[in-house]
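The sequence shown maps to residues 1 to 88 in the UniProt record's numbering.
To start, the structure itself, in structure tokens.
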Amino acid sequence: MTFNPQPAFGPAEPVDAYSRLLDVVIASSPVSQADTLNALRDAITRYQLNGPIQRVTTGEQQLLSQLVNQLQILAVGELLTAGQGGIQ
1 MTFNPQPAFG
11 PAEPVDAYSR
21 LLDVVIASSP
31 VSQADTLNAL
41 RDAITRYQLN
51 GPIQRVTTGE
61 QQLLSQLVNQ
71 LQILAVGELL
81 TAGQGGIQ
């Protein structure tokens with residue numbers, strides 16, 4: 001018997017994926033959630049005033065890679081628990 005997990009929902013919209021990524025950033029932040037939210041708001045303000053950053057550092061690339069790995073782990077967990085009420 002082959003086990004073929006099926007997602008409980010259709011493909012994620014890009015905004016939903018970014019929203020989930022921000023949830024992971026906030027939840028896994030080494031500082032308080034309030035401080036993380038303030039930093040995110042500051043980053044959004046800088047983006048609105050200055051436009052996108054021109055260069056991504058190696059450290060930032062590594063951090064993004066870690067966040068993507070966390071999202072993949074969460075996605076697998078949600079697939080495995082689909083139909084069982086999801087992750088609690």
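Using N, Cα and C, we set each Cβ at its ideal position, and we do this for glycine too.
Note that the structure is a prediction, hence the values are computed from the model and not measured.
query                                                                                              : result
Distance, leucine 40 Cα to alanine 53 Cα                                                           : The residue you asked about is not alanine; residue 53 is isoleucine in the sequence shown. Cα to Cα, isoleucine 53 sits roughly 15 angstroms from leucine 40.
Extent of the continuous alpha helix (DSSP H) to which valine 76 belongs                           : 58 to 80
Beta-carbon separation (whole angstroms), serine 19 vs glutamine 70, contact threshold 8 angstroms : No, serine 19 and glutamine 70 are not in contact; Cβ-Cβ is about 15 angstroms, not under 8 angstroms.
Bounding residues of the alpha helix (DSSP H) (the contiguous stretch that carries isoleucine 44)  : 33 to 50
DSSP-derived helix/strand/coil call for arginine 20                                                : helix
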